[in-house]
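Working notes for the structure below.
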Amino acid sequence: GAVVSQHPSWVICKSGTSVKIECRSLDFQATTMFWYRQFPKQSLMLMATSNEGSKATYEQGVEKDKFLINHASLTLSTLTVTSAHPEDSSFYICSAAQGAGANVLTFGAGSRLTVL
Amino acid sequence: AQTVTQSQPEMSVQEAETVTLSCTYDTSESDYYLFWYKQPPSRQMILVIRQEAYKQQNATENRFSVNFQKAAKSFSLKISDSQLGDAAMYFCATQRYGGATNKLIFGTGTLLAVQP
Chain A
1 GAVVSQHPSW
11 VICKSGTSVK
21 IECRSLDFQA
31 TTMFWYRQFP
41 KQSLMLMATS
51 NEGSKATYEQ
61 GVEKDKFLIN
71 HASLTLSTLT
81 VTSAHPEDSS
91 FYICSAAQGA
101 GANVLTFGAG
111 SRLTVL
Chain B
1001 AQTVTQSQPE
1011 MSVQEAETVT
1021 LSCTYDTSES
1031 DYYLFWYKQP
1041 PSRQMILVIR
1051 QEAYKQQNAT
1061 ENRFSVNFQK
1071 AAKSFSLKIS
1081 DSQLGDAAMY
1091 FCATQRYGGA
1101 TNKLIFGTGT
1111 LLAVQP
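Taken in sequence, the protein lines are chains A and B. Position one of the first sequence corresponds to residue 1 (the numbering used here), numbered consecutively onward. Position one of the second sequence corresponds to residue 1001 (the numbering used here), numbered consecutively onward.
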């Protein structure tokens, strides 16, 4: 079945530094990937839609310059949290669909970011 | 705009018994999908069941079935013969139908405990 890999699974960084999280579709090509953020005991909040070869579409209230998304290939999307602060600490989850227009999304295992 | 409401923050069920999780939604779309996802303590999102809104027949997947009431915009999940491994957070989600792969909008989740 479709597998989505996220790396790193957890990361700790100092305030003011940048952190990159990778999302890879291992056995399929993903034209579209989605990035979600989840706070403890809360739901998944969509941050942005990442389309291969084009700019990401951000949800209202999500800072584009803070959360940089790059989808340079059909199997890789990256989320870079720039100048991270403690309030950016969260669980970040990516998902991808196999094939354009596919409606069933496969999720990565998530990345826990802690900013000190 | 699409919204999903899960009115039960927590539920509990005895092993081997049946439990129903509630979900209501609102959408302006004429065609859409509805999903139930499971998130165990590992935080990995797992697809439980999917329903196409244009289909009147309720989806079933082994011990999992839904009661889809389109007019009432209700989409409940029934888990039969509950097992300890069913303990998890359950999220209801909706997705617009058609065109490119569309984003999932999640409800707030229901934490299900299974008592031995």
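Just so it is clear, CB atoms sit at the ideal spot from N, CA and C, and this is done for glycine as well.
Look at P1009 of chain B and A1088 of chain B and say whether their C-beta atoms are less than 8 Å apart.
To locate residue 1009 of chain B, count along the second sequence from 1; it is residue 9. To locate residue 1088 of chain B, count along the second sequence from 1; it is residue 88. Contact: no.
Counting only beta-carbon atoms, is Y1033 of chain B nearer than 8 Å to chain A?
Position 33 of the second sequence holds residue 1033 of chain B. Judged by the 8 Å Cβ criterion, Y1033 of chain B is in contact with chain A.
Would you please state the rounded distance, in angstroms, between the beta carbons of T75 of chain A and T49 of chain A? I believe it to be under 8 Å.
Locating residue 75 of chain A in the first sequence gives position 75, where the first residue counts as 1. Locating residue 49 of chain A in the first sequence gives position 49, where the first residue counts as 1. That pair is no contact at about 17 Å.
Check whether the Cβ atoms of L1047 of chain B and Y1090 of chain B lie closer than 8 Å to each other.
On the second sequence, position 47 is the one that residue 1047 of chain B refers to. On the second sequence, position 90 is the one that residue 1090 of chain B refers to. Not a contact, by the Cβ cut-off of 8 Å.
To the nearest angstrom, how far is it from the Cα of L113 of chain A to the Cα of Q1057 of chain B?
Here residue 113 of chain A refers to the residue found at position 113 when the first sequence is read from its first residue. Here residue 1057 of chain B refers to the residue found at position 57 when the second sequence is read from its first residue. Distance between the alpha carbons of L113 of chain A and Q1057 of chain B: 42 Å.
Using a Cβ cut-off of 7 Å, pull out every chain B residue sitting near I21 of chain A, in sequence order please.
Within the first sequence, the letter at position 21 stands for residue 21 of chain A. By Cβ distance, chain B contributes nothing, its closest Cβ being about 14 Å from I21 of chain A, past 7 Å.
Rounded to the nearest angstrom, what separates H7 of chain A and I1049 of chain B at their Cα positions?
Within the first sequence, residue 7 of chain A is the residue found at index 7, counting from 1. Within the second sequence, residue 1049 of chain B is the residue found at index 49, counting from 1. Rounded to whole angstroms, H7 of chain A to I1049 of chain B spans 27 Å at the Cα level.
Verify whether the separation of the beta carbon atoms of Q1006 of chain B and T1108 of chain B is less than 8 Å.
Mapped onto the second sequence, residue 1006 of chain B falls at position 6. Mapped onto the second sequence, residue 1108 of chain B falls at position 108. Yes.
Measuring alpha carbon to alpha carbon, tell me which of B:P1116, B:Q1051 and B:Q1115 ends up nearest C1092 of chain B.
Counting from one through the second sequence, the residue named residue 1092 of chain B turns up at place 92. When each option's Cα is compared against that of C1092 of chain B, the closest is B:Q1051.
8 Å is my cut-off, CB to CB: does L26 of chain A come that close to chain B?
Residue mapping note: residue 26 of chain A aligns to position 26 of the first sequence, counting from 1. No, no contact with chain B.
Looking only at its own chain, which residues have a Cβ that is under 6 Å from the Cβ of N70 of chain A, when we skip the five neighbours before and after it?
Numbered from 1 along the first sequence, position 70 holds the residue referred to as residue 70 of chain A. Only T78 meet the Cβ criterion.
Whole angstroms is fine: what's the gap from L68 of chain A's alpha carbon to K1038 of chain B's?
By one-based count along the first sequence, residue 68 of chain A stands at place 68. By one-based count along the second sequence, residue 1038 of chain B stands at place 38. When rounded, the distance between both Cα atoms is 28 Å.
Let's see if you can read the secondary structure: which residues bound the beta strand (DSSP E) around S9 of chain A?
Walking along the first sequence from the start, residue 9 of chain A turns up at place 9. Unbroken run through S9 of chain A: none, as it is neither H nor E.
Between which residues of its own chain and F34 of chain A is the CB-CB distance below 6 Å, once the five residues before and five after are set aside?
Within the first sequence, numbered from 1, the residue matching residue 34 of chain A stands at position 34. Closer than 6 Å at Cβ, skipping near neighbours: T49 and S95.
Looking only at its chain, what residues have a beta carbon closer than 8 Å to the beta carbon of S18 of chain A, apart from the 5 residues adjacent to it on each side?
The count along the first sequence starts at 1 and reaches residue 18 of chain A at position 18. Closer than 8 Å at Cβ, skipping near neighbours: T80, V81, T82, S83 and A84.
Could you give the distance in angstroms between the alpha-carbon of Y1033 of chain B and the alpha-carbon of P86 of chain A?
As a first step, residue 1033 of chain B is located in the second sequence; it is residue number 33 there, counting from the start. As a first step, residue 86 of chain A is located in the first sequence; it is residue number 86 there, counting from the start. Roughly 36 Å between the two C-alpha positions.
Note down the Cα distance separating R37 of chain A from R1063 of chain B, rounded to an integer number of angstroms.
Reading the first sequence from its first residue, position 37 is the one you call residue 37 of chain A. Reading the second sequence from its first residue, position 63 is the one you call residue 1063 of chain B. C-alpha separation (whole angstroms): 30 Å.
Quick one: which chain B residues come within Cβ less than 9 Å of T31 of chain A?
As a working note, residue 31 of chain A is residue 31 in the first sequence. Here the neighbours are A1100 and T1101.
Are the beta-carbon atoms of N103 of chain A and T1101 of chain B separated by less than 8 Å?
Locating residue 103 of chain A in the first sequence gives position 103, where the first residue counts as 1. Locating residue 1101 of chain B in the second sequence gives position 101, where the first residue counts as 1. Result yes, Cβ atoms of N103 of chain A and T1101 of chain B sit closer than 8 Å.
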